[in-house]
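Visitor: Residue numbers (numbering that gives the first Met the number 0): 0 to 1005. Quick reminder that beta carbons are idealized off the backbone N, C-alpha and C, glycines included. Pasting in a structure now, in structure tokens, and then I'll have a few things to ask.
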Amino acid sequence: MLRRKTTSTPVGRNGGIGVINRAAKSGVDRRAFLRGSGLAIGGLAAIGATGGTVARADMSEYPALAGAEKIRSVCTHCAVGCTVIAEVENGVWFGQEPGYDSPFNLGGHCAKGAAVRETAHGERRLKYPMKKVGGVWERISWDQAIEEIGDQITSIKEESGPDSVYWLGSAKHNNEQAYLFRKFAAYWGTNNVDHQARICHSTTVAGVANTWGYGAMTNSFNDIHNSKAIFLIGGNPAEAHPVSLLHLLKAKEENSAPLIVCDPRYTRTAAHADEYVRFRPGTDVALVWGILYHIFDNGWEDKEFIRTRVWGMDQIREEVARWTPEEVERVTGAPGSQLRRVARQLSENRPGTVIWCMGGTQHTNGNNNTRAYCILQLALGNIGISGGGTNIFRGHDNVQGATDLGVLADTLPGYYGLSDGSWAHWARVWEEDLDWLKSNFDVMEGKGADGADRMMMNETGIPVSRWIDGVLEDAENIDQPNNTRAMIFWGHAPNSQTRMTEMKTAMEKLDLLVVIDPYPTLTAVMNDREDGVYILPASTQYETRGSVTASNRSLQWRDRIVEPLFESLPDHTIMAKFATKLGFADRIFRNIAVENGEPSIEDITREFNRGMWTIGYTGQSPERLKTHMANQHTFDKTTLRAVGGPADGDYYGLPWPSWGTPEMNHPGTANLYDMSLPVAEGGLTFRARFGVERDGENLLAEGVYSVGSEIEDGYPEFTMQMLRDLGWDSDLTQDEVDSINRVAGFPDGRPEATTAPAEGATDGEEVGEKTMTGEIESDYQQKTGGVNWKTDLSGGIQRVAIARGCAPFGNAKARAVVWTFPDPVPLHREPLYTPRRDLVAEYGTYEDKKFWRLPTRYASIQENDFSEEYPLILTSGRLVEYEGGGDESRSNRWLAELQQEMFVEMNPRDANDLGVRDGDDVWVEGPEKGKVLVKAMVTPRVGEGVAFMPFHFGGIFEGRDLRDKYPEGADPYVLGESTNIAQTYGYDSVTQMQETKCTLCKIYTA
């Protein structure tokens, strides 16, 4: 029970007694206070509770604290990027306010954001390193932990190879830590490295990047202010990204923008909708094609936009023509008349934006869903325009940044991939010996294509969604030398993944299990291991500094609020300890200062600035980012552009791409692909990523280009040779030319003549193989000409292209058809565990196949009918009170009071048919026999035949309470079953994204 200990309560702003005063007089607990104030139902309600406005705290009311330091940071929950202002005195964080000047949260906070101080100061945190010995947690020193873990993973590496140790990273790392983590894995010698993006938005990145070039949010939360229509599918921002709702409601209220929400569940977001479309889980493609059917049928598409900027729409038309209103209703359950109304609303209210989250991505055909959403916007001409775009809401605070920085099994930082050229690029950035890097990786002799050696350096790793199978699958079925033997869980919640009963088995089979986190997470307790488990206390992001990338691609700089508490250490400091133990600290920190064991965050930022040319992470120097955070008040709250002040003309956070070097002062790109602005001012074309021609058809833009472009048509990506062909190479400085020469392998510049020039010649004969070995010309022109905008470390090619008004990556058409994917045209495919057996023959899944090193099942599961025994569809999602796996937020005493029990939502008809009443204890069992014991919530929020569970709970496993297995004092306040115990097998056909939104279950009383 919390009671106020003073009567000096401020009077409400309108002269009345405020809710705080009422709470003081009655002595209510926090839950009653929140209920009485309206704060429990969201930030918007709080405005009414304070007389219509939210008042800033006045430090003069607290004279003893008037000298307190105010430090800006960024909330560590979702990726809206809300500013938190911490009030600190004598190293103690005693209070906080939201950032009123922040363009993102505008002085607002959700429940989680309002409680972040407890994240750092929480008493349930890990306080010192521990290991399990004979089933008992023992306290150990950092030195002992690093020494023992280092010895064990080195032994595993020597016996089984570096791929037998899996480095599982985190969306909770800042950009610098994420970058260093991926670099660390490279120096260890493995691509078995991944993080949460695999299981939340990997299908977004793949689908969107392969449509128009970059796999990220095209516009911003703030740009939604300009939307005339909002189409939201597979997302519930009112609970998952509460502050973002401020921006949606602004457009709804000021522009009369219709808000259309498509979701199998009537969510808190749907409650705000002008049009709510309920549809069957797993039928997104059919639903979108049903809307496009009416757009094409009525000629509402943007024909000129399609002609000049889109390739392949004719093939889309052919597929969409199959999806008549009757067929769409048969498959999705959504009435054709309603979808025609939606199509008309989108067509008559342009520009409109499309928003999605994990409801669209976490499917076996998630890449089809995300591409279908993009195609809808291309058909309407809503891309590359303010108020339009695909606004993809990311979940964790730095899941966008960690993805960009390459904490993935299939790429190096900046999406460079794993080719020899990509490794050569990063070796140059790191000033590392490429042969030494290669020597760290395994080679599987004769196991590659056509009997060639399989070079593990170039092979995609096992994705986090499948690490279980890296342990349990027979070794001969895995495309790596040996099974996974050690797992390093570095900021990851295992209960956010499916197949948890098999996960438990995998954890128990490992030689070594390491948890590095501010909280123990379920990893430490869900297994029945007696030893071989270590937990190391990482600091929170409030105890370090660095940059973090919001959902809209803007980078923000966090300052350290307090020094690391207890015996915790920042993640990059822990990496440095391991690098020292493993013998490569001198190499990995060659250009990064290390002081008192802590690598310089600013040096790490500058290092990735020198290498990430692909996506324009090169202009965001620490100095520029700090200037933005210190001057938030100078940025327009809709355009995000600074009006005067030290960052004049910049877009807030320099949303990538911020082209060229920091000295070039590119302002960032607020809205991708917007040709109405010069590239130098944030304009952009579609990326020429897929070649210049396909089947004899032009893939470059047709007669359209950015304002100020000297090439008034489509063009390919820029290379040194292209600059020569255009006569623009003379714009390069000598330093830039020298850098390009070094990249091409000519550190001494252009080869000099060996003889005097012939009469009338300006140069002597070029030295090369011709003068040495015969009729082979020097390859200087060829090699230097091949240096492009992505590999030029000087930034000169980008600088010259932009000075001429061009986008460095070219000017192409978006492609509606992705010929490199299993389904070039997005198709509806029934989920593996479908209740609609009548649709399987026509809309079946894929054949089983092997990719990402592992055999993957599709048809061999779907051919079995589970629907008779398991008749209900099971889906999952988020709650406003908790985040991710929930260990951190369920350990927060303020949040824990708001939601204390795990539950399943059931439709009243289903509950009545099963004899279940509201509040009953019930078992929810999946077809793979995992089951959970939860409370029944009977509600029409879910449709008939559908059940919903949130995924934030853990600590109870199939009815067994695990509280006594936590280290003393580190158990979360709230425990509950994990929905993913009952969730089942299923992975996207491109990215191995897990299926969490559509499986089957049965429910029965306990």
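Less than 8 Å separating the beta-carbons of ALA78 and HIS395?
Guide: Residue 78 sits at position 79 when you count from the first residue of the sequence shown. Residue 395 sits at position 396 when you count from the first residue of the sequence shown. Going by C-beta atoms, ALA78 is nearer than 8 Å to HIS395.
Visitor: Identify which residue in PRO661, ARG688, ARG892 and SER708 has its Cα closest to the Cα of GLY682.
Guide: Taking the first residue of the sequence shown as 1, we reach residue 682 at position 683. Comparing Cα positions, the closest option is SER708.
Visitor: Between the alpha carbons of ASN364 and ARG856, how many angstroms are there, rounded?
Guide: The sequence position of residue 364 within the sequence shown is 365, counting from 1. The sequence position of residue 856 within the sequence shown is 857, counting from 1. Rounded to whole angstroms, ASN364 to ARG856 spans 13 Å at the Cα level.
Visitor: Taking PHE902 as part of the alpha helix (DSSP H), name the residues at either end of that continuous run.
Guide: As a first step, residue 902 is located in the sequence shown; it is residue number 903 there, counting from the start. Counting along the chain, PHE902 falls outside any alpha helix (DSSP H), though it belongs to the beta strand (DSSP E) covering 902 to 905.
Visitor: For SER657, name the three-state secondary structure that DSSP assigns.
Guide: Residue numbering aside, residue 657 sits at position 658 when the sequence shown is read from its first letter. Three-state result, SER657: strand.
Visitor: Using 8 Å as the threshold, is the C-beta distance between ASP409 and THR483 below it?
Guide: Sequence index remark: in the sequence shown, residue 409 carries index 410 (1-based). Sequence index remark: in the sequence shown, residue 483 carries index 484 (1-based). No; because the gap between Cβ atoms is not below 8 Å, this pair is not in contact.
Visitor: Buried or exposed: HIS362, going by 16 or more other Cβ atoms within 10 Å of its Cβ?
Guide: Start at 1 with the first residue of the sequence shown, and residue 362 comes out as number 363. Buried.
Visitor: Distance, Cα to Cα, PRO241 vs GLU882?
Guide: Residue 241 sits at position 242 when you count from the first residue of the sequence shown. Residue 882 sits at position 883 when you count from the first residue of the sequence shown. Cα to Cα, PRO241 sits roughly 12 Å from GLU882.
Visitor: With a Cβ-Cβ cutoff of 8 Å, do GLY944 and THR983 count as a contact?
Guide: One-based indexing of the sequence shown puts residue 944 at position 945. One-based indexing of the sequence shown puts residue 983 at position 984. Result no, Cβ atoms of GLY944 and THR983 do not sit closer than 8 Å.
Visitor: I'd like to know if the stretch 516 to 535 and the stretch 953 to 969 are in contact, where contact means that at least 3 CB-CB pairs between them fall below 8 Å.
Guide: Touching, yes.
Visitor: Is the separation between the beta-carbon of LYS1006 and that of ALA981 shorter than 8 Å?
Guide: Outside the displayed span of the chain (0 to 1005) sits residue 1006, for which this structure offers no information.
Visitor: Please list the terminal residues of the continuous alpha helix (DSSP H) segment that includes GLN555.
Guide: What you label residue 555 is simply residue 556 of the sequence shown in a count that begins at 1. No alpha helix (DSSP H) contains GLN555, which is instead part of the beta strand (DSSP E) from 554 to 557.
Visitor: Quick one: give me the first and last residue of the alpha helix (DSSP H) that ILE587 is part of.
Guide: By one-based count along the sequence shown, residue 587 stands at place 588. That run of the alpha helix (DSSP H) goes 584 to 587.
Visitor: Does the structure place the stretch 121 to 140 close enough to the stretch 523 to 540 that three or more beta carbon pairs sit under 8 Å?
Guide: At 8 Å Cβ cutoff, the stretches touch.
Visitor: Might you give, ordered along the chain, the residues of its own chain that have their beta carbon closer than 7 Å to the beta carbon of ARG308, omitting 5 neighbours on each side?
Guide: Here residue 308 corresponds to residue number 309 of the sequence shown, with the count starting at 1. Excluding positions up to five away in sequence, the list reads PHE685, ALA700, VAL703, LYS812 and ALA813.
Visitor: Determine which residues share a DSSP beta bridge with ASP960 and list them.
Guide: For the purposes of this step, residue 960 is taken as the residue at position 961 of the sequence shown. ASP960 is bridged to ILE955.
Visitor: Taking the Cβ atom as the reference point for each residue, do HIS293 and LEU231 lie within a distance shorter than 8 Å?
Guide: Here residue 293 refers to the residue found at position 294 when the sequence shown is read from its first residue. Here residue 231 refers to the residue found at position 232 when the sequence shown is read from its first residue. Result no, Cβ atoms of HIS293 and LEU231 do not sit closer than 8 Å.
Visitor: Taking the alpha-carbon of GLU680 as reference, which of THR990, SER550, THR938 and ALA806 has the nearest alpha-carbon?
Guide: For this step, residue 680 is matched to residue 681 along the sequence shown. The shortest C-alpha separation from GLU680 is found at ALA806.
Visitor: Using the Cβ count rule (16 or more neighbours within 10 Å means buried), how would you classify ALA23?
Guide: If you number the sequence shown from 1, residue 23 lands on position 24. Confidence in ALA23 is poor, its pLDDT being 31 and thus under 50, which makes the residue's placement too unreliable to answer from.
Visitor: Can the beta-carbon of SER550 be found less than 8 Å from the beta-carbon of MET992?
Guide: Residue numbering aside, residue 550 sits at position 551 when the sequence shown is read from its first letter. Residue numbering aside, residue 992 sits at position 993 when the sequence shown is read from its first letter. It is not a contact, given that the beta carbons lie outside the stated cut-off.
Visitor: Note down the Cα distance separating LEU407 from SER336, rounded to an integer number of angstroms.
Guide: Stepping through the sequence shown from its first residue, residue 407 is reached at position 408. Stepping through the sequence shown from its first residue, residue 336 is reached at position 337. Those two C-alpha atoms are separated by around 43 Å.
Visitor: Quick check on the burial criterion: 16 or more other C-beta atoms within 10 angstroms. Buried or exposed for ALA185?
Guide: Against the sequence shown, residue 185 aligns to sequence position 186. ALA185 is buried by the Cβ-count criterion.
Visitor: Can you list, in chain order, the residues of its chain with a C-beta nearer than 8 Å to that of VAL327? Leave out the 5 residues immediately preceding and following it.
Guide: Taking the first residue of the sequence shown as 1, we reach residue 327 at position 328. Taken in chain order, the residues that qualify are ALA285, LEU286, TRP288, GLY289, TYR292, ALA333, GLY335 and LEU338.
Visitor: Comparing the CB of LEU999 with every heavy atom of the ligand ZN, is any distance shorter than 7 Å?
Guide: Questions concerning the ligand ZN fall outside what the structure shown contains, since it holds no ligand whatsoever.
Visitor: How is MET499 classed by DSSP in three states: helix, strand or coil?
Guide: Position 500 of the sequence shown, counted from the first residue, corresponds to residue 499. Note: MET499 maps to helix in three-state DSSP.
Visitor: I'd like the ranges of any alpha helix (DSSP H) spanning at least 4 consecutive residues and lying wholly in the stretch 568 to 654.
Guide: Qualifying alpha helix (DSSP H) stretches, in chain order: 570 to 581, 584 to 587, 600 to 608 and 621 to 629.
Visitor: Should ARG71 be labelled buried (16 or more other beta-carbon atoms within 10 Å of its own) or exposed?
Guide: Looking up residue 71 in the sequence shown gives position 72. Buried.
Visitor: In angstroms with no decimal places, state the Cα-to-Cα distance between THR819 and ARG688.
Guide: The sequence position of residue 819 within the sequence shown is 820, counting from 1. The sequence position of residue 688 within the sequence shown is 689, counting from 1. Each residue's Cα considered, the two are about 13 Å apart.
Visitor: Please state whether DSSP places ILE382 in a helix, a strand or coil.
Guide: As a first step, residue 382 must be located in the sequence shown, where it is residue number 383. Coil at ILE382, not helix or strand.
Visitor: Have a look at VAL766 and ASP778 and give me their C-alpha separation to the nearest angstrom.
Guide: Counting from 1 along the sequence shown, the entry for residue 766 is found at position 767. Counting from 1 along the sequence shown, the entry for residue 778 is found at position 779. In this prediction, VAL766 scores a pLDDT of 34, lower than 50, which makes its location untrustworthy; the coordinate-derived value is nonetheless stated afterwards. Between VAL766 and ASP778, the C-alpha separation is close to 10 Å.
Visitor: With the cut-off set at 8 Å, would you say ASP673 and ILE384 are in Cβ contact?
Guide: Within the sequence shown, numbered from 1, the residue matching residue 673 stands at position 674. Within the sequence shown, numbered from 1, the residue matching residue 384 stands at position 385. Yes; because the gap between Cβ atoms is below 8 Å, this pair is in contact.
Visitor: Rounded to a whole number of angstroms, what is the C-alpha to C-alpha distance between LEU248 and CYS109?
Guide: Here residue 248 refers to the residue found at position 249 when the sequence shown is read from its first residue. Here residue 109 refers to the residue found at position 110 when the sequence shown is read from its first residue. Approximately 15 Å, taken between the alpha carbons.
Visitor: Is ALA537 helix, strand or coil when you go by DSSP?
Guide: The count along the sequence shown starts at 1 and reaches residue 537 at position 538. ALA537: strand per DSSP, three-state reduction.
Visitor: If you follow the beta strand (DSSP E) that SER1082 is in, where does it begin and where does it stop?
Guide: The question about residue 1082 has no answer here: the residues shown for the chain are numbered 0 through 1005.
Visitor: Alpha carbon to alpha carbon, how far is LEU639 from ASN390?
Guide: Residue mapping note: residue 639 aligns to position 640 of the sequence shown, counting from 1. Residue mapping note: residue 390 aligns to position 391 of the sequence shown, counting from 1. Approximately 16 Å, taken between the alpha carbons.
Visitor: Use the C-beta contact count for GLY643: other C-beta atoms within 10 angstroms, 16 or more gives buried, fewer gives exposed.
Guide: Translated into positions along the sequence shown, residue 643 becomes position 644. That one is exposed.
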